[in-house]
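Q: Chains as they are written, first to last, in my numbering: chain A, 290 to 407; chain B, 174 to 285.
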Amino acid sequence: GAVVSQHPSWVICKSGTSVKIECRSLDFQATTMFWYRQFPKQSLMLMATSNEGSKATYEQGVEKDKFLINHASLTLSTLTVTSAHPEDSSFYICSARDRLAGTAYEQYFGPGTRLTVT
Amino acid sequence: LAKTTQPISMDSYEGQEVNITCSHNNIATNDYITWYQQFPSQGPRFIIQGYKTKVTNEVASLFIPADRKSSTLSLPRVSLSDTAVYYCLVGGARSGNTPLVFGKGTRLSVIA
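In structure tokens form, the structure reads like this:
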């Protein structure tokens, strides 16, 4: 099946620094990728929709200047958390839809990135 | 996007069949029903998708009544490794820009 990878799988950074998380579709092309954030014991919350070659669309309440998204190719999207603070500590997950697949609701998720800001 | 309602949690013993029901009263004509499984500290994994009647794969079965206002995910003979959160999602036809919107899901605990 389709595989989505994320790098790094976990990262610890100091408050005020920036962290970049990569999301790659390994064996399919993804025109659109999605970024989610998940706090402990909670569901996934959609942060933004990443479109190849264009600006990302952010959900209400998500700061676009803090969470920079770049979708440079059909297989790579990056999320940069700028000036990270402890409250940004969370589990970040990306997903992608195979543009040749059947329905939009059959999407593939990365393994997630655990971010801890100290 | 159709809103879904699922039980918050369920417990089951190993070897039993588990049925998780999801209500989606305002499902649209072109909406599909999709179930995902999520283990702790992992991304969700696609389990099964259906539009009507019954769908079965190597992992689960999905039962959808004629009115499509609910659906039931059936896991045969669960094991400890099936302990996870199960999400029911409704939406989408063929639109690549449609994100998945997750509800609270059902936390299944399988007991030895």
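Cβ coordinates follow ideal geometry from the N, Cα and C atoms, glycine included.
Which of the three DSSP states, helix, strand or coil, is assigned to A/Glu311?
A: If DSSP states are grouped into helix, strand and coil, A/Glu311 belongs with the strands.
Q: Could you give the distance in angstroms between the alpha-carbon of B/Gln179 and the alpha-carbon of B/Ile220?
A: Approximately 16 Å, taken between the alpha carbons.
Q: Skipping 5 residues on each side, what residues in its chain have a beta carbon closer than 6 Å to that of B/Phe275?
A: Only Tyr260 meet the Cβ criterion.
Q: Mind checking who B/Asn192 pairs with in its DSSP beta bridge?
A: The partner list for B/Asn192 (beta bridge, DSSP) reads B/Ser247.
Q: In terms of alpha-carbon separation, which member of B/Ile193, B/Met183, B/Gln189 and B/Gly188 lies closest to B/Thr177?
A: It is B/Ile193.
Q: From A/Gln331 to B/Tyr186, what distance separates their C-alpha atoms?
A: Spanning the two alpha carbons is a distance of roughly 24 Å.
Q: For a contact defined as C-beta to C-beta under 7 Å, what are the partners of B/Gln215 on chain A?
A: Pro400 and Gly401, listed in chain order.
Q: Under a three-way DSSP split, which group does B/Ser254 fall into?
A: Helix at B/Ser254.
Q: Is B/Leu253 close to chain A, meaning its C-beta is less than 8 Å from at least one C-beta of that chain?
A: False, the Cβ-Cβ gap to chain A never drops below 8 Å.
Q: Are the C-beta atoms of B/Gly223 and some chain A residue less than 8 Å apart?
A: So, not an interface residue.
Q: Please list the partners that B/Leu246 has in chain A, where partner means a Cβ-to-Cβ separation under 9 Å.
A: Those within 9 Å of B/Leu246 in chain A number zero; the least Cβ separation is about 15 Å.
Q: Mind listing which residues of the stretch 309–329 of chain A have their C-beta closer than 7 Å to chain B's C-betas, in chain order?
A: The residues in question are Thr320, Thr321 and Phe323.
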